[in-house]
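So for the sequence shown, my numbering puts the first residue at -6; every next one is plus one. Just so you know, even glycine gets a beta-carbon here, dropped at the ideal spot from N, CA and C. Inspection log for the structure reproduced underneath, given as structure tokens.
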Amino acid sequence: MVAVLSSRAVHRMFTTRVEVHFYRCPMAVTPNHRTEPTARRSVLRVTVLWLAVVLALLLLISAVSVIGRGFRLLGDDRAHQLFAFAGNPFVGLAVGVLATVIVQSSTTVTAIVVTAVGTGALTVNESVPIIMGSNVGTTVTCTFVALGFVGAREEFRRALMASTIHDFFNVLALVIFFPLELIFHPLARISGWLTDLLYGSSLPDPSNMNVIRWLTRPVVTLVVDVVGRIGTVYVGALLVVVVGIAMIFVAIRFLSRLLKVLMVGRARDALMVAVDRGPLRAMLTGFGVTVMTQSSTVTNTILVPFVGTGAITPKQVYPVTLGANLGTTLTALLAAFAVTGSNAKTGLQTALVHVVYNVAAVAVIFGIPFLRRIPLRCAAWLADRSVDSKRFLATYLVVVFIVLPMSVILLSLVF
-6 MVAVLSSRAV HRMFTTRVEV HFYRCPMAVT PNHRTEPTAR RSVLRVTVLW LAVVLALLLL
54 ISAVSVIGRG FRLLGDDRAH QLFAFAGNPF VGLAVGVLAT VIVQSSTTVT AIVVTAVGTG
114 ALTVNESVPI IMGSNVGTTV TCTFVALGFV GAREEFRRAL MASTIHDFFN VLALVIFFPL
174 ELIFHPLARI SGWLTDLLYG SSLPDPSNMN VIRWLTRPVV TLVVDVVGRI GTVYVGALLV
234 VVVGIAMIFV AIRFLSRLLK VLMVGRARDA LMVAVDRGPL RAMLTGFGVT VMTQSSTVTN
294 TILVPFVGTG AITPKQVYPV TLGANLGTTL TALLAAFAVT GSNAKTGLQT ALVHVVYNVA
354 AVAVIFGIPF LRRIPLRCAA WLADRSVDSK RFLATYLVVV FIVLPMSVIL LSLVF
């Protein structure tokens, strides 16, 4: 009996050791069967997302061509009538602010403006105030992110200060450059010089980009043929323009969301590393992240929660904001290369206005010490007042981003 029990015990011990040894063995193939399909699915998912990015870019280029065809169907006189408001630079500025607040994308507004100039509906000088206004209007979204800290006094103050640096920097840039542009037109002149220097030499002529035109022609032709036949010639042409604007909005939103999925994790890590390595490194990283995500709002809002919790300071976020302003100019340049025809060169000039304006604003405001401190001090003042009175913050947002631009537009209609 003892011998039998002993043999059974030994058998159980042996089998148990074998099982334990087998499951701990690094040569076991079970984990590989689980990880390999997962890796394949991950690679496939990333590939599909990048293909979707390419399709979104093609949709954006198609949208620009659709708008151009719509303006051509309208004719020069009627196209100019649509943008008659831009003859008054203050109204153009107000429209830029309000339009950007409504669509929550300065990139969309700027791309539409570039297309309008490229088709002759707007002049370069008329487009400059709209572009300046869009820079101001895009800042409001970041402030809403700070409202997530409204329950904690000190965290809310820090987060609001970080989010409104962008506001005051762009407002200060507007105060400096808007009067200068009205009197001397430096942005239009410099961008014109750059366009003459680069167009057809360092930069390709959009009319020679036959592959892109071949890829986008079916979509453009379909929209124009279907939508352009609705109602009268004028109504059909106007609808083509509206559909093109909607396509730009969808393409940029779709592109931004795709790039967020692909890049936001990496972008957050890059920004967190960059803010500790000096303003120039932070600025360059802000530029790169905005190019990757196609949204300056994403770049700025990524860091607001970290400022709120005290992980980084508003002063460290400041140069990232400036880099984001520079990075947001890329889509307008892309839209300019989608414009063809006799006014394609002026469309490119308008996109370069956006670049020159943002570069000049960074150089002047951040380069001059006493100007550099103004956005920080104004953001700190607003944050301190808003911590004590949330109504003050609400009044600031409504008045600056809605009431003032709407008042300018209404006054222009009355007088």
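> Starting from TYR192 and walking both ways along the alpha helix (DSSP H), at which residues does that stretch end?
Replying inline: Start at 1 with the first residue of the sequence shown, and residue 192 comes out as number 199. TYR192 -> no alpha helix (DSSP H), and no H or E assigned at all.
> Going along the chain, which residues of its own chain have a beta-carbon closer than 8 Å to the beta-carbon of ARG185, five neighbours each way excluded?
Replying inline: Your numbering for residue 185 matches position 192 in the sequence shown. Correcting the residue identity first, residue 185 is Gly in this sequence and not Arg. Excluding sequence positions up to five before and after GLY185, its CB lies within less than 8 Å of the CB of VAL117, GLN342, all in the same chain and listed in chain order.
> Taking the C-alpha atoms as reference points, what is the distance between HIS411 and GLY61?
Replying inline: Residue numbering for the chain in the displayed model covers -6 to 408; residue 411 lies beyond these limits and cannot be assessed.
>> What does the alpha-carbon distance come out to for the pair VAL107 and ILE238?
In response: Numbered from 1 along the sequence shown, position 114 holds the residue referred to as residue 107. Numbered from 1 along the sequence shown, position 245 holds the residue referred to as residue 238. Rounded to the nearest angstrom, the two C-alpha atoms are 12 Å apart.
>> Can you give me the C-alpha to C-alpha distance between VAL39 and THR157, rounded to a whole angstrom?
In response: Working through the sequence shown from its first residue, we reach residue 39 at position 46. Working through the sequence shown from its first residue, we reach residue 157 at position 164. Cα atoms of VAL39 and THR157: separation of roughly 35 Å, rounded to the nearest angstrom.
> Could you give the distance in angstroms between the alpha-carbon of ALA166 and the alpha-carbon of PRO211?
Replying inline: Residue numbering aside, residue 166 sits at position 173 when the sequence shown is read from its first letter. Residue numbering aside, residue 211 sits at position 218 when the sequence shown is read from its first letter. Using only the alpha carbons, I get a separation of about 42 Å.
>> Given a cut-off of 8 Å on the beta-carbon distance, is the pair GLY63 and VAL233 in contact?
In response: Walking along the sequence shown from the start, residue 63 turns up at place 70. Walking along the sequence shown from the start, residue 233 turns up at place 240. Going by C-beta atoms, GLY63 is nearer than 8 Å to VAL233.
>> Rounded to whole angstroms, what is the Cα-Cα separation between LEU404 and PHE171?
In response: Locating residue 404 in the sequence shown gives position 411, counting from the first residue. Locating residue 171 in the sequence shown gives position 178, counting from the first residue. Whole-angstrom Cα-Cα distance: 20 Å.
> Is the beta carbon of THR306 sitting closer than 8 Å to the one on THR100?
Replying inline: Here residue 306 corresponds to residue number 313 of the sequence shown, with the count starting at 1. Here residue 100 corresponds to residue number 107 of the sequence shown, with the count starting at 1. Against a cut-off of 8 Å, the Cβ pair of THR100 and THR306 comes out as no contact.
> Terminal residues of the continuous alpha helix (DSSP H) containing ALA104?
Replying inline: In the sequence shown, residue 104 corresponds to position 111, counting from 1. Here the alpha helix (DSSP H) through ALA104 covers 99 to 111.
>> Using the three-state DSSP reduction, which class does ILE176 fall into: helix, strand or coil?
In response: Here residue 176 corresponds to residue number 183 of the sequence shown, with the count starting at 1. Helix, per DSSP.
> So, helix, strand or coil for PHE247, using DSSP?
Replying inline: Here residue 247 corresponds to residue number 254 of the sequence shown, with the count starting at 1. Helix.
>> Taking a contact to mean a Cβ-Cβ separation below 8 Å, would you say GLY279 touches THR292 in this structure?
In response: One-based indexing of the sequence shown puts residue 279 at position 286. One-based indexing of the sequence shown puts residue 292 at position 299. Taking 8 Å as the Cβ cut-off, GLY279 and THR292 qualify as a contacting pair.
>> Rounded to the nearest angstrom, what separates THR132 and ASP160 at their Cα positions?
In response: Counting from 1 along the sequence shown, the entry for residue 132 is found at position 139. Counting from 1 along the sequence shown, the entry for residue 160 is found at position 167. Going by the C-alpha atoms only, they are around 5 Å apart.
>> For MET276, tell me which candidate among SER379, GLY126, LYS308, ALA87 has the shortest Cα-Cα distance.
In response: The sequence position of residue 276 within the sequence shown is 283, counting from 1. Nearest C-alpha to MET276: LYS308.
>> Could you tell me the alpha carbon to alpha carbon distance between VAL129 and ILE245, rounded to whole angstroms?
In response: Here the question's residue 129 lines up with position 136 in the sequence shown. Here the question's residue 245 lines up with position 252 in the sequence shown. Cα to Cα, the separation comes out at about 19 Å.
> What span of residues does the alpha helix (DSSP H) with ALA145 cover, start to end?
Replying inline: Position 152 of the sequence shown, counted from the first residue, corresponds to residue 145. Run containing ALA145: none; DSSP gives neither H nor E here.
> What is the residue span of the alpha helix (DSSP H) that GLY316 lies within?
Replying inline: By one-based count along the sequence shown, residue 316 stands at place 323. That run of the alpha helix (DSSP H) goes 307 to 320.
> DSSP on ASP269, reduced to helix/strand/coil?
Replying inline: For this step, residue 269 is matched to residue 276 along the sequence shown. Three-state DSSP puts ASP269 in coil, outside helix and strand.
> What are the boundary residues of the alpha helix (DSSP H) that SER289 is part of?
Replying inline: Taking the first residue of the sequence shown as position 1, residue 289 is located at position 296. Run containing SER289: 289 to 301, per the alpha helix (DSSP H) assignment.
> How would you write the range of the alpha helix (DSSP H) that ILE395 sits in, first residue to last?
Replying inline: Start at 1 with the first residue of the sequence shown, and residue 395 comes out as number 402. Segment: none, ILE395 is in no alpha helix (DSSP H) and carries neither H nor E.
>> Can you list, in chain order, the residues of its chain with a C-beta nearer than 6 Å to that of VAL349? Leave out the 5 residues immediately preceding and following it.
In response: Working through the sequence shown from its first residue, we reach residue 349 at position 356. Cβ within range, chain order: LEU180, ILE183, SER184.
> Quick one: Cα of VAL217 to Cα of ILE241, how far?
Replying inline: Here the question's residue 217 lines up with position 224 in the sequence shown. Here the question's residue 241 lines up with position 248 in the sequence shown. If you take the alpha carbons of VAL217 and ILE241, they lie about 15 Å apart.
>> I'd like to know whether the C-beta atoms of VAL300 and ALA145 end up nearer to each other than 8 Å.
In response: In the sequence shown, counting from the first residue as 1, residue 300 sits at position 307. In the sequence shown, counting from the first residue as 1, residue 145 sits at position 152. No, they are not a contact pair.
> Since MET154 contacts ALA376 with CB under 8 Å, what's their CB separation in whole angstroms?
Replying inline: Mapped onto the sequence shown, residue 154 falls at position 161. Mapped onto the sequence shown, residue 376 falls at position 383. The pair is a contact, with the Cβ atoms about 4 Å apart (cut-off 8 Å).
>> Restricting to Cα atoms, I'd like to know which of VAL121, ALA304, SER127, GLY221 is closest to LEU173.
In response: Here residue 173 refers to the residue found at position 180 when the sequence shown is read from its first residue. Nearest of VAL121, ALA304, SER127, GLY221 to LEU173, Cα basis: VAL121.
>> Using 8 Å for Cβ pairs, my map puts LEU115 next to ALA79. What's the rounded Cβ distance?
In response: On the sequence shown, residue 115 is found 122 positions in, with the first residue counted as 1. On the sequence shown, residue 79 is found 86 positions in, with the first residue counted as 1. Between ALA79 and LEU115 the Cβ distance is about 6 Å, and since that is below 8 Å, they are a contact.
>> Short of 7 Å in beta carbon distance, which residues of its chain neighbour LEU345, apart from the five on each side in sequence? Order them along the chain.
In response: For the purposes of this step, residue 345 is taken as residue 352 along the sequence shown, with counting starting at 1. Closer than 7 Å at the Cβ level, and outside the excluded window around LEU345, lie SER184, LEU187, THR188.
> When the Cα atoms are used, what is the spatial distance from VAL282 to TRP43?
Replying inline: Position 289 of the sequence shown, counted from the start, is the residue given in the question as residue 282. Position 50 of the sequence shown, counted from the start, is the residue given in the question as residue 43. Distance between the alpha carbons of VAL282 and TRP43: 17 Å.
> Is PHE280 helix, strand or coil by DSSP?
Replying inline: Stepping through the sequence shown from its first residue, residue 280 is reached at position 287. Here DSSP, grouped into helix, strand and coil, assigns PHE280 to helix.
> Can you list, in chain order, the residues of its chain whose CB lies under 7 Å from that of ARG250, leaving out five sequence neighbours each side?
Replying inline: For this step, residue 250 is matched to residue 257 along the sequence shown. So the list is empty, once near-sequence residues are dropped.
> Exposed or buried, PRO409, counting other C-beta atoms within 10 Å across all chains shown (16 or more means buried)?
Replying inline: The chain is shown from -6 up to 408; residue 409 falls before or after that span and cannot be answered.
> Around the C-beta of HIS14, are 16 or more other C-beta atoms found within 10 angstroms, so that it is buried, or is it exposed?
Replying inline: For this step, residue 14 is matched to residue 21 along the sequence shown. Because HIS14 carries a pLDDT of 43, less than 50, the predicted location of this residue cannot be relied on, and no value is offered for it.
> Count the other CB atoms within 10 Å of the CB of THR103; is the residue buried (16 or more) or exposed (fewer)?
Replying inline: As a position in the sequence shown, residue 103 is number 110, starting the count at 1. So THR103 ends up on the buried side.
> Looking at the unbroken alpha helix (DSSP H) that takes in ARG365, where does it start and where does it end?
Replying inline: Along the sequence shown, read from residue 1 onward, the residue named residue 365 stands at position 372. Start and end: 362 to 381.
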